[in-house]
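Student: A single structure is presented below for examination.
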Amino acid sequence: MGKHSEYKDWEDKELASSLNRFPERKERFNNHGGEEIARLAVPDQIDEEYIEKIGFPGRFPYTRGVQPTMYRGRLWTMRQYAGFSTASESNLRYRYLLDQGTTGLSIAFDLPTQIGYDSDHPMAEGEVGKVGVAIDSLADMELLFDQIPLDKVSTSMTINAPAAVLLAMYVAVAEKQGVESSKLKGTIQNDILKEYVARGTYIFPPKPSLRLITDIFRWCTDHSPAFNTISISGYHIREAGSTAVQEVAFTLANGITYVQAALDAGLELDNFARRLSFFFNASSDLLEEVAKFRAARRLWARIMKGRFNAMKPASLMLRFHTQTAGYTLTAQQIDNNIVRVALQALSAVLGGTQSLHTNSRDEALSLPTEDSVRTALRTQQVIAHESGVASSVDPLAGSYFIEELTDRIEAEASELIAKIDKAGGVVAAIEEGFIQRQIENSAYEYQQEIEKGERIVVGVNEFKIDEESKPPLLRVDPEVENSQIHGLKELREKRNNKNVEEALANLSACARNTSNLMPEILAAVKTYATLGEICQVLRNEFGEYRG
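End of the sequence shown sits at 546 in numbering that gives the first Met the number 0; the numbers just go up one at a time, nothing left out.
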């Protein structure tokens with residue numbers, strides 16, 4: 000069949016449908032020249048092999064993207080991962096980013112919050128507000144989203160072990176704004192398996208952790224169906240030292256585990272699978288990264304169809320957020336990081352990401368300054384509006400190199416997934432140390448290549464200069480910790496502690512049976528029970544994972 004016949008008729012219908020559903024996109028499409036632009040390159044003759052391996056965007060196996068018109072109809076969501084100090088300080092940063100054109104928020108929590116401790120816990124000393132915002136209770140969450148309408152903003156929250164608690168706080172804030180949970184849009188990371196192998200912010204053992212995750216799946220299916228219930232993360236796996244192939248394999252293997260856990264819990268596949276999302280790293284080998292995203296999308300579609308017999312197209316689609324590679328940023332000649340980030344962001348766009356965060360130039364030294372964050376956001380905007388790459392759907396498709404590399408990454412990732420299956424699945428592979436060793440070996444090889452000069456890092460082992468001064472850096476005031484602890488003390492004095500005790504007792508009882516934990520967590524949050532108090536109840540019932 001010719002490229003201007005059946006496919007063109009189909010794409011015209013898909014585009015018309017998209018523009019009718021989203022009238023605001025018509026101006027964007029017309030500004031790209033409408034019919035004059037080559038929308039999608041396809042060969043003159045399309046055979047079965049082409050359809051099976053590459054196909055069309057918006058069609059199985061989604062090699063070329065999950066939407067038929069991709070960025071011609073709608074740009075990716077531009078998120079900037081941010082959070083530091085207090086909720087009030089972070090709120091100002093979020094409102095600034097929204098004013099500058101960010102189209103979605105991405106929340107960074109401090110380390111105590113990530114591992115379920117209140118700011119006055121001894122384990123939190125020296126870490127409050129340092130690598131993210133400190134959230135101890137619903138009161139902090141109310142400040143965090145002050146004057147930010149949650150029915151109009153998509154929010155991503157990078158939180159894992161205590162994800163259910165932070166989600167409950169978000170829902171409670173929305174209710175106080177008069178926004179129903181069914182209206183909320185966003186993503187909660189909620190990916191505990193990668194914490195055991197790559198990041199370390201776990202609390203509970205794997206089995207109860209998976210219970211919490213599937214409880215979120217079930218609750219959101221019923222109450223917040225537009226909210227993505229998990230962001231299965233390859234980002235941190237790559238940051239820990241994995242290769243591109245390992246990033247795909249271990250991420251999708253984790254995804255398989257979550258799907259199976261949800262099925263074992265009695266959930267219907269096509270009810271929850273469409274709300275699974277993924278989170279990948281965009282590193283510096285531009286063409287390898289483009290191929291990686293394409294391979295991951297195709298492999299996941301085949302896994303969902305072949306292994307799990309998913310029926311609905313939305314259940315087969317790998318939708319993903321991307322963040323540029325933090326591990327590639329250098330403390331030397333930090334302006335070089337702007338170039339690195341631009342190339343990495345371009346790979347994500349060429350690879351078909353649904354949302355994107357671009358790192359700031361100074362993040363190898365500190366939390367980013369406002370100026371650095373603005374430059375990072377502008378990088379996305381230049382790619383979107385000046386580069387032309389968003390004018391064509393999957394512009395690199397058909398390149399011999401891209402297609403061969405896509406095939407190779409898919410094949411090698413499939414082999415690794417098969418090894419994990421043979422080992423008894425992800426949890427068994429984690430307990431045996433297989434995945435950890437794979438990542439550690441790759442990280443060691445990478446560092447050896449740098450130290451031997453076999454891999455050039457500009458400004459680090461080649462093209463070095465003497466730098467006399469460092470740029471202005473953002474520093475978190477040490478007084479933040481005292482202020483947060485003082486606010487926590489006041490909260491405990493003012494709240495109805497009898498209601499808190501009853502809610503925590505109900506949560507404890509629920510943890511001992513098989514009921515869904517989300518309603519009891521939400522009830523506890525609304526009494527202003529703290530994150531640490533709720534997590535301590537669950538620690539008492541589930542125990543702690545010690546690695």
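Built from N, CA and C at the ideal position, the CB exists for glycine as well.
So, with DSSP's three-state summary, where would you put H485?
Tutor: helix
Student: L557: buried (16+ other C-beta within 10 angstroms of its C-beta) or exposed?
Tutor: Limits of the chain in this structure are 0 at one end and 546 at the other, which puts residue 557 out of reach.
Student: Decide yes or no for the touch test of the segment 106-121 against the segment 77-89: beta carbon pairs closer than 8 Å, at least 3 of them.
Tutor: yes
Student: CA-CA distance, A123 and P204?
Tutor: 21 Å
Student: Along the chain, where does the alpha helix (DSSP H) containing H120 start, and where does it finish?
Tutor: No alpha helix (DSSP H) contains H120, which DSSP labels as neither H nor E.
Student: Rounded to whole angstroms, what's the CA-CA distance from Y326 to M77? Just pull it up for me.
Tutor: 21 Å
Student: Just tell me which of G100, D284, G57, I401 has its CA closest to the CA of V381.
Tutor: G100
Student: In whole angstroms, what separates the C-alpha of F271 from that of N515?
Tutor: Rounded to whole angstroms, F271 to N515 spans 16 Å at the Cα level.
Student: Assuming contact is defined by CB atoms lying nearer than 8 Å, are A412 and A294 in contact in what I supplied?
Tutor: Taking 8 Å as the Cβ cut-off, A412 and A294 qualify as a contacting pair.
Student: Please state the DSSP three-state secondary structure of V41.
Tutor: coil
Student: Buried or exposed: H235, going by 16 or more other Cβ atoms within 10 Å of its Cβ?
Tutor: buried
Student: On the DSSP bridge assignment, give the partners of G547 in chain order.
Tutor: No information on residue 547 is available, as it lies outside the stretch 0 to 546 that the chain covers here.
Student: Below 8 Å CB to CB, which residues in the same chain sit around S223 once its five sequence neighbours on both sides are set aside?
Tutor: Excluding sequence positions up to five before and after S223, its CB lies within less than 8 Å of the CB of V170, S180, S181, L183, all in the same chain and listed in chain order.
Student: Could you tell me the distance, in whole angstroms, from the CA atom of T352 to the CA atom of V479?
Tutor: When rounded, the distance between both Cα atoms is 36 Å.
Student: Should E519 go down as buried or exposed, given a rule of 16 or more other Cβ atoms within 10 Å for buried?
Tutor: buried
Student: What separation, rounded to the nearest whole angstrom, lies between the Cα atoms of S136 and I50?
Tutor: 51 Å
Student: Is the distance from the Cβ of I187 to the Cβ of I158 below 8 Å?
Tutor: yes
Student: State the DSSP-derived secondary structure class of R78, mapped to helix, strand or coil.
Tutor: strand
Student: Look up I231 in the DSSP assignment and say whether it is helix, strand or coil.
Tutor: strand
Student: Is there contact here, the segment 358-368 with the segment 329-344, by at least three beta-carbon pairs under 8 Å?
Tutor: yes
Student: Within a Cβ cutoff of 6 Å, which residues of the same chain sit near V524, ignoring the five residues on either side of it in sequence?
Tutor: For V524, where only same-chain residues beyond five positions count, the Cβ hits under 6 Å are L137, A167, M168, A171.
Student: Quick check on N280: does DSSP put it in helix, strand or coil?
Tutor: strand
Student: Just confirm the distance between the C-beta atoms of Q142 and L376, as a whole number of angstroms; I'd bet it's less than 8 Å.
Tutor: The question names Gln, yet the displayed sequence has Leu at residue 142. With 8 Å as the limit, L142 and L376 do not qualify as a contact, their Cβ atoms being about 23 Å apart.
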